[in-house]
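To keep things clear, I will list the structure first and then write my remarks on it.
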Amino acid sequence: MSIPTNEIRLKSRPSGLPSEDDFELVETMLDDPADGQLLVRNLWMSVDPYMRGRMIDAPSYIPPFQIGEALTGAAVGVVEQSGDANFKPGDVVSHFAGWRDYALIDAATAAKVDVRKVSPQTYLGVLGFPGLAAYAGLLRIGQPKAGETVFVSAASGAVGAVVAQIAKIKGARVIGSVGSDEKAKWLKDELGVDAVINYKTAGDMTKALAEAAPNGIDVYFDNVGGDHLEAAIAAANPFARFALCGMIAQYNSETLPPGPRNIYTVLTKSLTLQGFIVTNHLDLMLDFTRDVTQWIAEGRMKWRETVLDGLENAPKAFIGIFAGENFGKMLVKIGE
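If you're matching positions, the sequence shown starts at 652 in the working numbering and goes up one per residue.
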């Protein structure tokens with residue numbers, strides 16, 4: 652028996668900011684699952700900034716997307732047919748074959764998720780890789796101590812909001828940067844962030860951070876790069892720790908932007924700058940899931956979601972994250 656499905660394929664490699672013309676929606680057919688496989692009906696899929704790098708045909712930590720092939724990414728769905736004794740129809744699973752209605756996947760690449768107390772899409776955000784990136788980057792690399800000051804860029808996003816809240820739980824003073832007054836208000840009123848910079852209206856980022864952190868910063872969690880990284884270096888106290896998670900400011904650049912003009916300060920202040928990939932920290936998954944699940948149950952972890960309905964709107968959702976159109980995690984709802 653063959654099952655029809657729709658999938659989003661990469662039609663052309665983007666130049667600069669992607670457009671919807673770089674993608675195409677294609678109908679194809681899937682076979683029944685063989686032994687060791689699952690047929691999953693996708694409910695939710697994630698779009699994330701790192702996917703822009705996969706649209707470039709260049710070596711990286713993850714293989715590039717190929718022209719004419721379906722894109723992939725984190726998704727949550729329901730098992731419709733199972734060729735593996737560890738899964739049964741009706742199980743809700745997370746996997747990496749998003750950008751399609753139905754996915755035929757190896758059972759070994761799927762993980763059951765508990766949706767009794769949280770919604771399925773939570774496993775694409777706070778309890779998914781964005782949450783793990785926040786947890787690993789802040790606690791393993793940033794290592795904030797009570798009373799220290801933590802600066803988080805893109806602090807209302809899927810990663811940044813989790814960073815800000817964990818830092819507060821650990822007793823730090825938290826400064827966040829965002830791109831709108833609405834996001835700034837949410838950070839201060841709902842998450843208890845101590846100071847917020849709207850980078851779109853602040854003018855000089857280095858000056859704005861210096862004013863928000865008169866005693867300097869001890870930890871910087873970087874999701875942006877560019878002028879945010881330069882400002883953080885300027886504001887850093889000696890021996891500050893920088894967790895470099897993402898640099899969305901340059902993902903669509905066709906030429907390499909200039910590096911931080913004050914990079915020499917990294918030496919004079921004895922700073923630690925460490926880039927990281929979340930998959931290098933999967934050994935923390937059990938601790939992460941335990942701690943964040945507990946914080947959710949205690950009401951100490953909050954989040955926002957921006958949802959677009961329909962697989963056909965996945966390219967629009969993806970492009971929107973580069974314009975800051977998402978408030979919190981950007982998600983695509985595929986089915987019920």
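We put the beta carbon where it would ideally sit given N, CA and C, even for glycine.
Among 778, 761, 760, 762, the one whose alpha carbon lies nearest that of residue 768:
If we check each option's Cα against that of residue 768, 778 comes out closest.
According to DSSP, is residue 688 helix, strand or coil?
strand
With H, G and I counted as helix, E and B as strand and the rest as coil, what does DSSP make of residue 712?
coil
Cβ-Cβ distance between residue 899 and residue 875 below 8 Å:
yes
Less than 6 Å between C-beta atoms, sequence neighbours within five positions excluded: which residues of the same chain meet that for residue 929?
780, 783, 784
What residue ranges within the segment 873-925 form continuous beta strand (DSSP E) runs of no fewer than 3 residues, ordered along the chain?
Whole beta strand (DSSP E) segments, 3+ residues: 887-895.
Per DSSP, what kind of secondary structure is residue 675 in: helix, strand or coil?
strand
Cβ shell of residue 923 (< 7 Å), same chain only, five flanking positions each side left out
Correct list, in chain order: 892, 893.
Within 10 angstroms of the Cβ of residue 890, are there 16 or more other Cβ atoms? Answer buried if so, exposed if not.
Under this definition residue 890 is an exposed residue.
Spatial neighbours of residue 748 within its chain, please: C-beta separation below 7 Å, excluding the five flanking residues on both sides.
723, 726, 754, 756
Among 664, 861, 670, 720, which has the Cα closest to the Cα of residue 657?
720
Could you tell me the alpha carbon to alpha carbon distance between residue 840 and residue 846, rounded to whole angstroms?
11 Å
Beta-carbon separation of residue 927 and residue 895 under 8 Å?
Yes, the Cβ-Cβ distance between residue 927 and residue 895 is below 8 Å.
Between the segment 790-798 and the segment 900-912, do at least 3 Cβ pairs fall closer than 8 Å?
With a cut-off of 8 Å, the segment 900-912 and the segment 790-798 do not count as touching, because too few Cβ pairs lie within range.
4-residue-minimum alpha helix (DSSP H) runs that sit fully inside the segment 759-826, ordered along the chain
Within the segment 759-826, the runs of alpha helix (DSSP H) that reach at least 4 residues and sit entirely inside it are, in chain order, 780-787, 811-820.
Output needed for residue 671: all residues of its chain with C-beta closer than 6 Å, excluding positions within five of it in sequence on either side, in chain order.
966
Quick check: what's the CA-CA separation for residue 688 versus residue 882?
The straight-line gap from Cα to Cα measures roughly 49 Å.
Tell me the DSSP bridge mates of residue 984?
695, 960
Run the CB neighbour count on residue 948, radius 10 Å, all protein chains shown included, and call it buried at 16 or more, exposed below.
So residue 948 ends up on the exposed side.
Answer yes or no: do residue 838 and residue 861 have a C-beta to C-beta separation smaller than 8 Å?
no
Which residue comes first and which comes last in the beta strand (DSSP E) that contains residue 703?
Run containing residue 703: none; DSSP gives neither H nor E here.
For residue 668, which residues in the same chain have their Cβ closer than 8 Å to its Cβ, ignoring the five residues on either side in sequence?
903, 970, 973
Quick one: give me the first and last residue of the beta strand (DSSP E) that residue 660 is part of.
653-661
Would you mind sorting residue 919 into buried or exposed? The rule is 16 or more other CB atoms within 10 Å of its CB.
exposed
Grab me the residues of residue 917's own chain with a C-beta within less than 7 Å of its C-beta, minus the 5 sequence neighbours each way, in chain order.
884, 924
Answer yes or no: do residue 978 and residue 763 have a C-beta to C-beta separation smaller than 8 Å?
no
Best match in 955, 654, 848, 659 for proximity to residue 681 [C-alpha to C-alpha]:
654
Span of the beta strand (DSSP E), counted from its first residue to its last, around residue 728:
726-733
Where do the ends of the beta strand (DSSP E) carrying residue 756 lie?
753-757
Please list, in chain order, all residues of the same chain as residue 998 whose beta carbon is under 6 Å from its beta carbon, the five residues on each side excluded.
In the structure as shown, the chain begins at 652 and stops at 987. Residue 998 is therefore absent and cannot be evaluated.
Mind checking which residues open and close the beta strand (DSSP E) that includes residue 846?
Under the DSSP assignment, residue 846 falls in the beta strand (DSSP E) whose first and last residues are 846-849.
Identify every residue that forms a DSSP beta bridge with residue 870.
801, 892
CB-CB under 6 Å to residue 805, same chain, minus the five flanking residues each way: which ones, in chain order?
811, 874, 875
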